[in-house]
Amino acid sequence: MNRLPRVQKRREQLNLGENLCDYCSAKCCKYFALPIDTPDGRADFEFIRWYLLHDYATVFIDEGTWYLLVHTPCKHLQADNRCEIYETRPQICRDYSNDNCEYEDDYTYERYFETPEQIDEYAQALFNTPTSPNFRSPKPGLPVIYSVKG
């Protein structure tokens, strides 16, 4: 029997014996994020740019750590947001507790990159290395002051 999630409650509103997962939208089963090395040169930013050329991939920084985020649901997530293979789920899922899960998380990060252009612009600002000769307009000259004799 497929049960759709009920209206979301806050953690403190749960009654004794209720499971937080009964109200959850299964955020933790709809993506995975892996820490990546902090980029320290243009070549590293090119790798990140390459990640962002792929569908459903973003990069974020949280508490100083860089992450590759892949927005893709688990193959075993059912319509009711329950795990189809719960009894044989991977150890990483078994170790994950809803005591400190992202049930009420708002996904706010220090930096969030969705496009290759965003990461390229960030790298340009960081390294001050323009990719085209027209990166900035030329510095304007001093104004010419005319006087009228009368």
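Residues in the sequence shown are numbered consecutively from 1, following this note's numbering. All C-beta atoms, glycine included, are put in the ideal place defined by N, C-alpha and C.
Sequence-distant residues of its chain with Cβ nearer than 6 Å to residue i (five each side left out)
i, result
"Tyr152", "Limits of the chain in this structure are 1 at one end and 150 at the other, which puts residue 152 out of reach."
"Ile85", "His76"
Sequence-distant residues of its chain with Cβ nearer than 8 Å to residue i (five each side left out)
i, result
"Tyr56", "Val70, His71, Thr72"
"Lys139", "none"
"Gln8", "Tyr23, Cys24, Ser25"
"Met1", "In this prediction, Met1 has a pLDDT of 49, which is less than 50 and means its spatial position is unreliable; what the coordinates show is noted afterwards. Closer than 8 Å at the Cβ level, and outside the excluded window around Met1, lies no residue."
Best match in the options for proximity to residue i [C-alpha to C-alpha]
i, options, result
"Ala125", "Asn19, His76, Gly41, Arg10", "Gly41"
Contact check, residue i vs residue j, beta carbons under 9 Å
i, j, result
"Arg49", "Asp95", "no"
"Tyr107", "Phe113", "no"
"Thr88", "Thr65", "no"
Beta-carbon proximity list for residue i, same chain, < 7 Å, skipping 5 on both sides
i, result
"Leu20", "Arg11, Leu14, Asn98, Tyr103"
"Asn81", "Pro5, Cys24, Ser25, Ala26"
"Phe127", "Arg42"
8 Å contact criterion, which residue i and residue j should meet: CB distance rounded
i, j, result
"Glu110", "Asp62", "6 Å"
"Thr115", "Leu52", "6 Å"
Item to check | the region 95-113 contacting the region 14-30, beta-carbon criterion three pairs below 8 Å | outcome: The region 95-113 is in contact with the region 14-30.
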